[in-house]
RNA sequence: GCGGGUGUGGUGAAAUUGGUAGACACGCAGGAUUUAGGAUCCUGUGCUUCGGCGUGUGGGUUCGAGUCCCUCCACCCGCACCA
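Numbering (the working numbering), first residue to last: 401 to 1225.
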């Protein structure tokens, strides 16, 4: 192709090797006088090659990184791979390859694609979480939590994925009860597992979301608040009649305690089986049958709120602490074992679920809040529980009080009597981090013959994964590591007696919960992260990634950050100051998927249109948080724009350093208006508008070159240089080539935007509109400093015809832009 | 049901504090150049019965509303037997 034609292949081939050898975006350690920004894109999982979703996130993250450089900041923009995890292992099983080989081959492929995509990463800081140099510090982190009592083992009902044969954290189970990884229906299993005590941080994780308001998407904040699910209320202790046992229940409505007519215990709770053990055989048999029935149900069935309620009487009674009333204890699966205490006081008059149950099993309904209503509203008749406010009745000392006062009064009574207290409960559960799989970080604990847990001494870290040779990786419900005899059997660090390593590996979300700290000193083999580097760079100024991590990764990273803060390693306790969630790339209105066969391939798009055109398309398609339908955007259009900008640079004939102040003022104004606006636009993520403004600028320059001041005017050069800089955020190859065509040395990405000249931002004339009754009738060219009187006068003159026979009521004058004449007939 | 969000041309979308709705593109139409063009350049393009009408619906505040307030509708997302 002709050298005077824009050829993206030639331009890519020209600059990629230069960036590769010169590494303009690497950030050396040590001081730098410039202010700094830490821009981070969520690192990828290396399954296959990059896809269009990656193309979007890394295009948008790079706009922000490159923008801050152009603003004179030192920018850290690292990349790595989240490279532990199940797909490697599943591929290994399916194809008989080594999970390590599979992983690192995929990383090599993705890395090549990423380099081709020309995001301005600091390639000197690459990390892979599956490298021993990384996961050593994962183990260190685990032991830090363990020392603080924040990592512990317990026997509990857990989510079990029957396909991947491993446990899952609550966060990894989708709302329909299936695994987010394998799609299998998750079942409950009772197992001893490692947990991180994230519930200790529930309050702070919730409260600190307020500080992220405006800087994180509202949606993510809401999702996290929902997930943590704090509810305030009271704990009320009921005694079991004829026994020493007491049962605490959590309620948000302690004010309705006088209306409690029965108690319900979760069938799968220890409490239920303990209570029923004391009952007579018929009751016990009924319970056992019921429990069996309940456990057969899938999570989806169980969560169906419209399902008819079922339950069995447990043959025992509880004593209501405020009135001494004896109420029957039932077991029903609408009460969850793992929320609150697994038992509730049932107030059928004021809780729909309790009412449904009471009506079915003919239990009494007692109204204790007189909710005013025009219609009859006795729950026993209308079958609708009343939840509104009103004076309390049948409630002893609470009679006459309204809800808020009654709640406070009841809490006071309970606390005085020692039968309860104000309490807060969370939906959030502790984070289950054990996984019965191979390709993860080994948990650095040794189990002594006496059952003691012994942390692996720091000088013995990392606990390396054993070789896969001879190891059966197929899922079988226990970790494959347990079968690696040489690995699992170790001397007890205390006395050398036989002991065994913990054979489970960690949830890979542990790996990603702190990786942003490791990027600051990725080669430091003496500590997880360099505290000084952390002080300089962290927290992350701008995080970019998909909304699919709204809860999982982001909640865990916030938690670990707070733990490290408490341990004194960090001086901040929120990891990501600002968050941008990009939308998805879809096709014809549907999510791309292999099964539907509607995939746009990353590599093919780059082959056909070039890296720059794909990146520009990603940014120009619309607001970044919206989905991009690849069928509705024009990559060709992006390519045409890039080529047009490139030709513009090629046409410039003035010399480098030409004095712009002698150039055409009109064009200069346009250029400087762009410079004045670009910051606000990028910082509010309006990348599409920035590109529109660049297009506008290029169109103006084109006109000036062809039929205006001509290619030699210094203002043309100035505009072309600004376009080259601005375009470098989106189309780095074309921009670098333009910079070079304009006679400069590399690299355009290391330039600084000129400061907009305030004198050029003032227009000589402004178009003022003249409205009659709010409708635009005329437009006038006026001076920007026109007086109110003069503008008014000119406006009236301009529309005098239309004012014939009308009475002017009032005239609103807003110089220099608008006059509104209010008239009547 | 609860919470969050979004409704603007044929399409993707713009629109500081209420002040010219539809920037910039895609698409389409026409023209120039050309052997040809899916290249390049130029022009036009919300609807219209040419009076006007137009930002999901209906109301309100205001000299003036895409923007603020209320009502309703539609769609998307999250949560949901959480006591």
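All residues carry an ideal CB built from backbone N, CA and C; glycine is no exception. None of these values were measured; they are calculated from a predicted model.
*Would you tell me roughly how many angstroms separate the C-alpha atoms of residue 609 and residue 421, rounded to the nearest one?*
As the crow flies, the alpha-carbon of residue 609 is around 43 angstroms from that of residue 421.
*With C-beta atoms as the reference, is residue 830 less than 8 angstroms away from residue 595?*
yes
*Do the CB positions of residue 960 and residue 913 come within less than 8 angstroms of each other?*
yes
*Distance between residue 1046 and residue 401 (C-alpha atoms, nearest Å)*: In this prediction, residue 401 has a pLDDT of 48, which is less than 50 and means its spatial position is unreliable; nothing more can be read from the coordinates.
*asked:* So the candidates are 637, 673 and 461; which of them puts its Cα closest to the Cα of residue 1025?
replied: 461
*Cα-Cα separation, residue 1219 to residue 1157*: 30 angstroms
_Residues that residue 1178 bridges to, as DSSP identifies them_ = Residue pairing from DSSP places residue 1178 in a beta bridge opposite 1170.
_Could you tell me the alpha carbon to alpha carbon distance between residue 565 and residue 905, rounded to whole angstroms?_
Roughly 13 angstroms between the two C-alpha positions.
*Between the region 897-911 and the region 868-887, do three or more beta carbon pairs fall short of 8 angstroms?*
yes
*asked:* When you compare the region 630-642 with the region 806-820, are there three or more beta-carbon pairs, one atom per stretch, that lie closer than 8 angstroms?
replied: yes
*Contact between the region 446-458 and the region 997-1008: three or more CB pairs below 8 angstroms?*
yes
*Cβ shell of residue 408 (< 6 angstroms), same chain only, five flanking positions each side left out*: 1010
*Enumerate in chain order the residues of its own chain whose CB-to-CB distance from residue 1102 is below 8 angstroms, with the five nearest sequence positions on each side excluded.*
1044 and 1048
*Are at least three pairs of beta-carbons, each pair with one atom in the region 598-608 and one in the region 823-840, less than 8 angstroms apart?*
yes
*If we call anything under 8 angstroms between Cβ atoms a contact, is residue 575 one with residue 522?*
no
*Buried or exposed: residue 492, going by 16 or more other Cβ atoms within 10 Å of its Cβ?*
buried
_Using only the alpha-carbon positions, how far apart do residue 1173 and residue 434 sit?_
54 angstroms
*In chain order, what residues of the same chain lie with their CB nearer than 6 angstroms to the CB of residue 970, ignoring the 5 residues before and after it?*
If we look at residue 970 and ignore the five residues flanking it on each side, its Cβ neighbours are 964.
*Leaving out five residues on either side along the sequence, give the residues of the same chain with a beta carbon under 7 angstroms from the beta carbon of residue 528.*
480, 481, 483, 507 and 534
*Could you give the DSSP three-state label for residue 852: helix, strand or coil?*
Residue state, collapsed to three classes: coil.
*Rounded to whole angstroms, what's the CA-CA distance from residue 643 to residue 716? Just pull it up for me.*
10 angstroms
*Roughly how many whole angstroms lie between the Cα atoms of residue 686 and residue 712?*
7 angstroms
*Could you give the distance in angstroms between the alpha-carbon of residue 859 and the alpha-carbon of residue 548?*
19 angstroms
_By alpha-carbon positions, which one of 624, 722 and 671 ends up nearest to residue 660?_
722
_For residue 561, list the residues DSSP reports as bridge partners._
566
_residue 853 versus residue 441: straight-line alpha-carbon distance, rounded_ = Using only the alpha carbons, I get a separation of about 38 angstroms.
*Uninterrupted beta strand (DSSP E) stretches inside the region 871-937 (no shorter than 3 residues)*: 889-891 and 898-901
*Under 8 angstroms, do residue 746 and residue 754 count as touching if we go by C-beta distance?*
yes
_Using 8 angstroms as the cut-off, can you tell me whether the region 990-998 makes contact with the region 939-947, which would need three or more C-beta pairs spanning the two stretches below that distance?_
no
*Taking all protein chains shown into account, decide if residue 412 is buried (16 or more other Cβ within 10 angstroms of its Cβ) or exposed.*
buried
*asked:* Just to confirm my understanding: we take residue 1129, look at its own chain, exclude 5 residues before and 5 after, and list those with CB closer than 6 angstroms. What are they?
replied: 463, 466 and 467
*May I have the straight-line CA-CA distance separating residue 512 from residue 736, to the nearest angstrom?*
50 angstroms
*residue 834, buried or exposed, once every other Cβ within 10 Å from all chains shown has been counted against 16*: buried
_Exposure label - residue 812; buried when at least 16 CB within 10 Å_ = exposed
*Using the beta-carbon count (16 or more within 10 Å), is residue 590 buried or exposed?*
exposed
*Over the uninterrupted alpha helix (DSSP H) stretch that includes residue 422, give me the two end residues.*
Residues 408-422.
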